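Down below is the structure, laid out as structure tokens.
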Amino acid sequence: MNGSLWCRLFLRFVRAFRAFHTFRSFLFLWIGSFFASLADSAYYVVLAWFVLRLSHSAADLGTTLLLASLPRLVFMAMGGVIIDRFNPKIILLVSLLLRAGILLGVSQLAGMGSFTMILLYIVAFLFGVIDAFYWPTQNAMVPFVVEPVELGRANAMIQTSQQFSVVVGPLSAGLLLRMPHFSVIFMVIASLYIMSFAVIAMVRLISSRSFEPKKDEGMKGLWVNLVEGIRYVFRIRVLLFLMLASMLINLFFMGPANIGLPSFVQDHGWSGTIYGDFESALGLGAVLGGIFVGLFNGLRGHFRWLALAASGIGMGLCATSLVHQWFLGIVFMGVSGIAISVTDIPIITYVQTIVDQAMLGRVMSLLSLMSVGLTPLSYALSALVLNAHLLQPAQLMFVGGMIVTIFCAALIFQRDFRLMEQHPRWKQQIKSAEPSL
């Protein structure tokens, strides 16, 4: 009896010790990810202002932002193959170090006054390439630092901090732009990447799922591995539907919300400050949605509501397009922001749980491509529609929001979607959360 008691106490001590080290690693990943997200948000604001100060050309600004976005479309899917072949922690560290090094170089050139638009184009392109590897890797790394049953809360914390950085980043950039020299500004942003590098370097992967780099596969190259990842998604129908939903939300929400909304605000005679409030409401709504999801453990056991939550993304945009009072539009954009987090975080957690570890990098990269990488295409399509006068800004927002609403609501009629929580691996993680003593 006494021996049994000591055995139980010892087992509890071992579990507590392991839980402490797991939490510590996740804490390092969370803090490091926040620094990187904050640096990214500030960088893109500073970059836009730097281009205008350097060339005074809106066309140059558009070219720079295009070069920063296109690599995601081209390299993001291929980045998943790299993630599956190498330690994700190493990929994160290398990407952070490269971005810090690039910005330190930019700082030196800006200080000497020898910066040209050609160099700036190269910098924007390189950052876009690095982003194509960094963001899918960060999402793919979370299962390596927390237990599966904690993925919901872990993803909620990371995604919420990212959304918070989207709100705080531009504010920080505004403070930095008060400095007289861009060389100092770029050095400060580079220091954020260095801080992120230092913190993430202390992350330790869970030993039971630590990554083992793959050896050379002979005839199987990058393209073959990528095709394997695509076929894997097609074999699991619920993954395919989640990918399609992410693609449609990206194409029909991001463009109308970011291209149509500024013109919509102008058409109503509202100020630029009001437009900033619209964008802030979207970000703050996403933060609130992330907190809500975290409090309820990633909505585990309540995925039947995801279709309704996803349709709320489009409904908020539709409602915004119909308002004539700006404060109502701000409320509705906040609703869209909440719906984005309530949809995205459970989906990321679900994919991380049910996908084979050997395929996780490729699947997460494909999901990132669908949900983020196609944004330049969405921008281009929205701009084309407005420039050709096919739709007015309010009509563009309404049509885009309605497409998102109808498709996402229709998911509830898809059997694989309704039964997604019956997946064996998902149910197994629920059982493993139950106490065994």
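Residue numbers (the working numbering): 443 to 879. Where a beta carbon is used, it is the ideal one built from N, C-alpha and C, also for glycine. Because the structure is a prediction, the values reported are computed rather than measured.
Taking contact to mean at least 3 C-beta pairs separated by less than 8 Å, is the segment 723-731 in contact with the segment 845-855?
-> no
Buried versus exposed, by CB contacts within 10 Å (16 or more), Lys531 = buried
Would you check if the segment 500-513 and the segment 665-680 touch, i.e. whether three or more CB-CB distances between them fall below 8 Å?
-> no
Given a cut-off of 8 Å, decide if Phe720 and Pro788 are closer than it, judged by their beta-carbon atoms.
-> no
Do Phe695 and Gly771 have their C-beta atoms within less than 8 Å of each other?
-> no
Counting only runs that start and end within the segment 545-611, where is the alpha helix (DSSP H) found for 4 or more residues in a row?
-> 559-583
Pull up the distance between the alpha-carbon of Leu515 and that of Ala574, whole angstroms please.
-> 8 Å
Below 6 Å CB to CB, which residues in the same chain sit around Ala638 once its five sequence neighbours on both sides are set aside?
-> Sequence inspection shows Ser at residue 638; the Ala mentioned does not correspond to that position. Result list for Ser638: Gly474, Phe477, Ala478, Leu538, in chain order.
Between which two residues does the alpha helix (DSSP H) carrying Gln794 extend?
-> 768-796
Alpha-carbon spacing of Thr795 relative to Leu593, whole angstroms | 8 Å
Please list, in chain order, all residues of the same chain as Gln580 whose beta carbon is under 7 Å from its beta carbon, the five residues on each side excluded.
-> Ser475, Leu534
Classification of Gln604 by the beta-carbon crowding that lies within 10 angstroms, buried from 16 upward = buried
Please check the pair Val398 and Asn597, which I expect to be a contact at CB under 8 Å, by giving their CB distance rounded to whole angstroms.
-> This structure gives no information on residue 398, because the portion of the chain shown stretches from 443 to 879.
Determine the DSSP secondary structure at Met621, reduced to helix, strand or coil.
-> coil
Classify Gly660 as helix, strand or coil using the three-state DSSP reduction.
-> Its pLDDT being 45, under 50, Gly660 is placed unreliably by the model, and the measurement read from it follows with that caveat. Here Gly660 sits in coil by DSSP.
Sort Ala510, Gly522, Leu684 by Cα distance to Asp858 and report the nearest one.
-> Leu684
Excluding sequence positions up to five away, which residues of its chain have a Cβ less than 7 Å from the Cβ of Ala825?
-> Ile701
Leu617 versus Ser549: straight-line alpha-carbon distance, rounded = 17 Å
Would you say Ser483 and Gly570 are within 8 Å of each other, going by their C-beta atoms?
-> no
Contact between the segment 790-806 and the segment 663-672 (3+ Cβ pairs under 8 Å) | yes
Three-state class that DSSP yields for Ser652 in the structure shown = Residue confidence for Ser652 is low, a pLDDT of 46 falling below 50, so the modelled location carries little weight; the figure read from the coordinates is stated next. It is coil, neither helix nor strand.
Under the three-state DSSP convention, the category Val765 falls into | coil
Exposed or buried, Pro513, counting other C-beta atoms within 10 Å across all chains shown (16 or more means buried)?
-> buried
Separation of Leu647 from Phe455, as counted between CA atoms = For Phe455, the predicted structure reports a pLDDT of 42, less than 50, and the residue's modelled location is therefore unreliable. A value from the coordinates is still provided. Each residue's Cα considered, the two are about 20 Å apart.
Can you name the start and end residues of the alpha helix (DSSP H) that Pro704 belongs to?
-> 703-709
Pick from Leu819, Thr762, Gly815: whose alpha carbon is nearest that of Val841?
-> Thr762
Do the CB positions of Leu471 and Ala566 come within less than 8 Å of each other?
-> no
Below 8 Å CB to CB, which residues in the same chain sit around Val773 once its five sequence neighbours on both sides are set aside?
-> Ala723
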